[in-house]
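To keep things clear, I will list the structure first and then write my remarks on it.
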Amino acid sequence: MSKLRVVHYLNQFFGQIGGEDKADTAPLKKDGVVGPGMALNGAFKGEAEIVGTVICGDSHFAENMDADLSQIIGFIKEYKPDLVVAGPAFNAGRYGTACGAVAEAVQAQLGIPAVTGMYVENPGTDMYKKAVYIVSTPDSAVGMRDAVPKMAALALKLAKNQSVTPEEDHYISRGIRKNFFAEEIGARRAVDMLVAKLAGKPFTTELPMPAFDRVPPNPAIKDITKATIALVTSGGIVPKGNPDHIESSSASKYGKYSLAGVTDLTAETHATAHGGYDPVYANEDADRVLPVDVMRDLEKEGKIGKLHEFWYATVGNGTAVASAAKFGRSIAEDLKAAGVHAVIVTST
Amino acid sequence: MRLTLGKITIKGLDFGSATRVENGKLFVNKEELVALIREDSRVASAEVFLARPGESVRIVPVKDVIEPRVKVEGPGNIFPGFIGKLDPVGSGRTHVLQGAAVVTTGKIVGFQEGIIDMTGPGAQFTPFSQTFNVVVKVEPVAGLHQHDHENVVRMAGFKAAAYIGEAGRNTAPDTEEVYEWPSLAEAMTKHPGLPKVAYVYMLQTQGLLHDTYVYGVDAKRIIPTLISPTEVFDGAIVSGNCVSACDKNPTYVHLNQPIITELFKRHGKDYNFVGVIITNENVTLADKERSSNYTSRLAEMLGVDAAIVSEEGFGNPDADLVMNCRKLEQKGIKTVLVTDEYAGRDGSSQSLADTTPEANAVITAGNANETIVLPKLDTLIGHIDVVDVIAGGFSGSLRPDGTIEVEIQALTGATSEVGFIKLTAKGM
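Structure (structure tokens):
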């Protein structure tokens, strides 16, 4: 088998152009290895070979990210590589961010694997750990000898399409949950963990608790009697027949529906698509979840400016937070463009 | 309290002229069973099918799975509050047709029922691909309210399981298990020096197809209380619940409660297992606060050092799980939680809807959003057209070639949060 072709990405310092005074160096390419590429090449043990090195100054990249990224990807592509290695960046923040961005773009645009390496507290780690494989490295270049063999081994595995795990392959967990069958049933594992926890012995939780986003509330509306207010629900209220086929669980979309001329939701006109709660009462009178009737009353009484002419609905049941956040962003943009001042979000 | 479970291993299943067990083979009199189910005037039609492990059979939409059992000695009968009298159960002798199950199906009640495949890739995700299934398909009379429809099918399942269970009354069991549950006074003085542990058994109670019953009482109307494990083995807790069927406990799983069974195995060696606390998962905040307060209060009154807490369901009940965990840990009671995950089809989203730093010992039964492609199978029992709308399905789930792409949340018992199965997940 011929050797895999590798392109190595470096900053101006490791690319041997210069220190901080050369950080404004524009992207450039050099055939073959540069600096730490030598050690990397050795670590491939003949299975792969660095055919080219692409270098960019840290400041230049930070200030011209889009343009530089497209130029860097162009240079990389010219070498027809099978995989790309970026860094390691250790604890250098701008370099780490650049390595993450280059690796992500390589995967997305060239469809080949990319590996980088960083210290766990490098800001690039949090930004890119979900998108790319980042080998966990010490915080300074003293750790080069530790980092390079791990990065080379992981890169080779990915190029060969072999399965990898954070524990065996030393990369920072991407937080991607993957199912597998354990040796013992869950009940047995629970009792084992209980005994370990009671005895003060070490145990490893199977699900580290997620860190949640907190969204600060906007300032209060100054004059609610002039405000346009929209209704948004994750309680699944849709026109009867569910025209957009929103899923009863794990929704992949949301719907936007007109309230023009609608003063009351009835069992004949509206229903819930939600599979996660007792739908009987919502189907009898969908205003119980999406309070159009009350909003129309408030509108008539002059207590609010007006009810926005569309409502937005999705199903919150078993829907991934990533999907929900995506729907939320898109709905918010739409509402903002329509000049809506405030939103009432109802669940189930 | 002392309960002997006599287990009769079922190794075959067929229709026969009399419902009986012969050399480990269960025979079912179809006409008698159909007539029994049709005694309910709300039943328009009842059919019975058989599905054996390895057969090319798909059952959908599945509402409940129930193990046939019969009370042979001691007070009461199986499924008290639903069948027969309301005498307390949990002592004496009960015979179990181990390896057999009643599966209920019929037209969809909500969107929430499950799928059982007896062969192929789906079979490894549902424990009920391994049981000899007597499938009862029940259709209600027209115009029946959804809550009544659910009740009709649920009752049909219990009646069928009790009827088939009778076949084990005079059959000699292959194995016997004896469970002792002492009085509290006795339990407290037993096994001095060992830490005391309890099990917090959370029951799904969110409404239609989300309900669980204890001695016939809708569990959303209880405040947390104690129950004897032997009562659980005798059917004091039953399911009315198959929403996102992967992580709901069918009656079968309550009867074979895996966490209670596992806790018994190391009882008296590594700890003193002194209590089972049942609690609910109601939808209002006040109910959640009340139930979690009282759960931790009961654990405190029992004086336990640690507890396993299992969830049933996801999303809204994640809040109950987290409240139970936090309040127990704040009282110095160590917890291990059992849950599953909804991390998105690609596994990259956060897994739970609520979180707390005290939850540092968690068992996961896997990511229910992962998708699976199920091949076309030869025989279908039930209604295949519901696959697009059941929880875990989506528009286009049922493909023109008869294969199905669904999230594993549609497979009955796939991510059991009482740890009945081996599926789990890890971060990659």
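Chains as they are written, first to last, in the numbering used here: chain A, 332 to 679; chain B, 257 to 684.
Using N, Cα and C, we set each Cβ at its ideal position, and we do this for glycine too.
Keep in mind it's a predicted model, so treat the numbers as computed, not measured.
A617 of chain B and P610 of chain A have their C-alpha atoms spaced approximately 35 Å apart.
Only those residues of the segment 645-658 of chain A whose C-beta falls short of 8 Å from the nearest C-beta of chain B are listed: G647, N648, G649, T650, A651, V652, A653 and S654. In the three-state reduction of the DSSP assignment, I403 of chain A falls in the helix class. Between A575 of chain B and chain A, the shortest Cβ-Cβ separation is not below 8 Å. Here L596 of chain A is buried: its Cβ has 16 or more other Cβ atoms, across all protein chains shown, within 10 Å.
Runs of alpha helix (DSSP H) with 4 or more residues, each lying fully within the segment 630-669 of chain B, are absent. Here DSSP, grouped into helix, strand and coil, assigns G424 of chain A to helix. At least one CB of chain B lies nearer than 8 Å to the CB of V522 of chain A. The beta carbons of A379 of chain A and P480 of chain A sit no closer together than 8 Å. By the C-beta density criterion, T600 of chain A is exposed, having fewer than 16 other C-beta atoms within 10 angstroms. If you draw a straight line from the Cα of K587 of chain B to the Cα of G607 of chain A, it comes to about 32 Å. T265 of chain B and D430 of chain B have their C-alpha atoms spaced approximately 6 Å apart. Every unbroken stretch of the alpha helix (DSSP H) spanning 4 or more residues and falling wholly within the segment 458-531 of chain A is given here in chain order: 475-490, 497-500 and 517-529. The C-beta separation of A492 of chain B from V470 of chain B comes to about 6 Å, placing the pair in contact by the 8 Å criterion. A contact between stretches requires three or more CB pairs, one per stretch, nearer than 8 Å, and the segment 589-601 of chain B meets this requirement with the segment 623-633 of chain B.
Closest in C-alpha terms to R522 of chain B, from the list A:G659, A:R619, A:L562 and A:R520, comes A:R520. Using a C-beta cut-off of 8 Å, the segment 273-284 of chain B makes no contact with the segment 325-342 of chain B, since fewer than three inter-stretch Cβ pairs fall below that distance. Annotation for R325 of chain B: no alpha helix (DSSP H) segment contains it, though the beta strand (DSSP E) segment containing it runs R325 to E329. For D500 of chain A, the closest C-alpha among the options A:E640, A:F511, A:A486 and A:N510 is that of A:A486.
Contact annotation for Y608 of chain A against chain B: Q462, G463, L464, H466, V499, V539 and N572 [CB-CB distance below 9 Å, chain order]. Less than 8 Å separates the beta-carbon of D320 of chain B from that of P506 of chain B. With 16 or more other CB atoms across the displayed protein chains lying within 10 angstroms of its CB, V345 of chain B is buried. Interface annotation, I507 of chain A: in contact with chain B, CB-CB separation under 8 Å. Residue B:S548 holds the alpha-carbon nearest to the alpha-carbon of T535 of chain B among B:G524, B:S548 and B:Q462.
Between the alpha carbons of Q462 of chain B and V593 of chain A lies a gap of roughly 30 Å. Here G649 of chain A is buried, its C-beta having at least 16 other C-beta atoms within 10 Å. In this structure, the alpha-carbon of P412 of chain A lies about 28 Å from that of G506 of chain A. For H501 of chain A, none of the residues of chain B pass the 9 Å Cβ criterion, the least Cβ distance being about 13 Å. Interface annotation, N342 of chain A: not in contact with chain B, CB-CB separation never under 8 Å. For A613 of chain A, the closest alpha carbon among the candidates B:E303, B:G366, B:S347 and B:A575 is that of B:G366. In the DSSP assignment, D320 of chain B falls within the unbroken beta strand (DSSP E) covering D320 to I322.
Taking the Cβ atoms as the reference, E661 of chain B lies roughly 11 Å from S651 of chain B, outside the contact range of under 8 Å.
Counting only runs that start and end inside the segment 534-601 of chain B, the beta strand (DSSP E) elements of at least 3 residues fall at 562-566 and 590-597. Closest in C-alpha terms to P480 of chain B, from the list B:E537, B:G683 and B:N389, comes B:E537.
Under the three-state reduction of DSSP output, Y612 of chain A falls in the helix class.
Proximity of V569 of chain A to chain B, defined by a Cβ-Cβ separation below 8 Å, is not satisfied.
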